[in-house]
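In this note's numbering, the protein residues as written are 329 to 599.
C-beta: ideal position from N, C-alpha, C; glycine also.
This report refers to the structure that appears directly beneath it.
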């Protein structure tokens, strides 16, 4: 009978191999689609760089599932590369979110995990679970962030923010308002933001939100595939990638529940 350590080892190999194949397919697709273009994002070195960043994100996610503190090192590389991409594409709102939130959270998470016994080898992290009032604050925080994200998304799609501030460069973000797309996008963004806080503070419950993120992403890419279009192969690769992410999240729940089983947590979010 296969023991847990052996299972985790081969399951992680399966995830890395599967997601790497998806990233290679996406990279090849992008290279083919942008051949001959003079823009920075179409340059082979830039496409390969973003693919490397995505691979760092894959490794970071798997390390997080296994409670390995190196997750924040690979996560930082991923966030920095992606931030550079967002800035070049003039997606300034997401750029600000990554630089102002996701980058600092890597350092906060590293500090918190180190205090709770995390290492680079074994799963020694003293994970914990939300209790009592912590659940209430988390739910209220989720609702508040969701409302804020929806407001920002609406102000961008409608052009209200650009007109209010006189920022003509934001008018490029104006598009037809779709409540369905806004709600789905806002749900994924909010779940990412809240889950990262729970991850940095070593709460097992983060993985329920990551499952929500992955399921939402699978739905989004499935809808895009059903609509058809010339980028079907790229979309399928992204869909498969998030299926692997979902499998990783489900395995992480099993690992983290075991880590947190005997951990007594005071009724505070930070300790």
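*Measure how close the beta-carbons of residue 473 and residue 522 come, nearest whole angstrom, since I'm counting them as under 8 Å.*
Within the chain shown, residue 473 is the residue found at index 145, counting from 1. Within the chain shown, residue 522 is the residue found at index 194, counting from 1. Rounded to the nearest angstrom, the Cβ distance from residue 473 to residue 522 is 6 Å, consistent with a contact under 8 Å.
*State the beta-bridge partners of residue 531 as determined by DSSP.*
Within the chain shown, numbered from 1, the residue matching residue 531 stands at position 203. For residue 531, which the question treats as bridged, DSSP gives the partners 456.
*From 483, 382, 436 and 393, residue whose alpha carbon lies closest to that of residue 412*: Taking the first residue of the chain shown as 1, we reach residue 412 at position 84. Selected option, being the one with the closest Cα: 382.
*Pick from 507, 462 and 467: whose alpha carbon is nearest that of residue 479?*
Stepping through the chain shown from its first residue, residue 479 is reached at position 151. For the residues 507, 462 and 467, the minimum Cα distance to residue 479 belongs to 507.
*asked:* I'd like to know whether the C-beta atoms of residue 350 and residue 568 end up nearer to each other than 7 Å.
replied: Taking the first residue of the chain shown as position 1, residue 350 is located at position 22. Taking the first residue of the chain shown as position 1, residue 568 is located at position 240. Yes.
*In the structure shown, what three-state DSSP assignment does residue 396 receive?*
Locating residue 396 in the chain shown gives position 68, counting from the first residue. Strand, per DSSP.
*6 Å CB neighbourhood of residue 427 in its chain, flanking five on each side removed*: Taking the first residue of the chain shown as position 1, residue 427 is located at position 99. Closer than 6 Å at the Cβ level, and outside the excluded window around residue 427, lie 411.
*Can you tell which of 378, 335 and 429 has the C-alpha that lies nearest to the C-alpha of residue 611?*
Residue 611 is absent from the structure shown; the chain starts at 329 and stops at 599.
_Please list the terminal residues of the continuous alpha helix (DSSP H) segment that includes residue 429._
Translated into positions along the chain shown, residue 429 becomes position 101. Annotation for residue 429: no alpha helix (DSSP H) segment contains it, and DSSP assigns it neither H nor E.
*When the Cα atoms are used, what is the spatial distance from residue 378 to residue 409?*
The residue labelled residue 378 in the question sits at position 50 within the chain shown. The residue labelled residue 409 in the question sits at position 81 within the chain shown. Going from the Cα of residue 378 to the Cα of residue 409 covers about 6 Å.
*Please confirm whether residue 549 and residue 532 have their CB atoms less than 7 Å apart.*
To locate residue 549, count along the chain shown from 1; it is residue 221. To locate residue 532, count along the chain shown from 1; it is residue 204. With contacts defined by Cβ atoms closer than 7 Å, residue 549 and residue 532 do not form a contacting pair.
_If contacts are defined as beta-carbon pairs under 8 Å, then residue 434 and residue 400 qualify, I think. What distance do you get, rounded to the angstrom?_
Stepping through the chain shown from its first residue, residue 434 is reached at position 106. Stepping through the chain shown from its first residue, residue 400 is reached at position 72. At roughly 5 Å, the Cβ-Cβ gap stays under 8 Å, so residue 434 and residue 400 are in contact.
*Tell whether a beta-carbon distance below 7 Å holds between residue 406 and residue 384.*
Residue 406 sits at position 78 when you count from the first residue of the chain shown. Residue 384 sits at position 56 when you count from the first residue of the chain shown. Yes; because the gap between Cβ atoms is below 7 Å, this pair is in contact.
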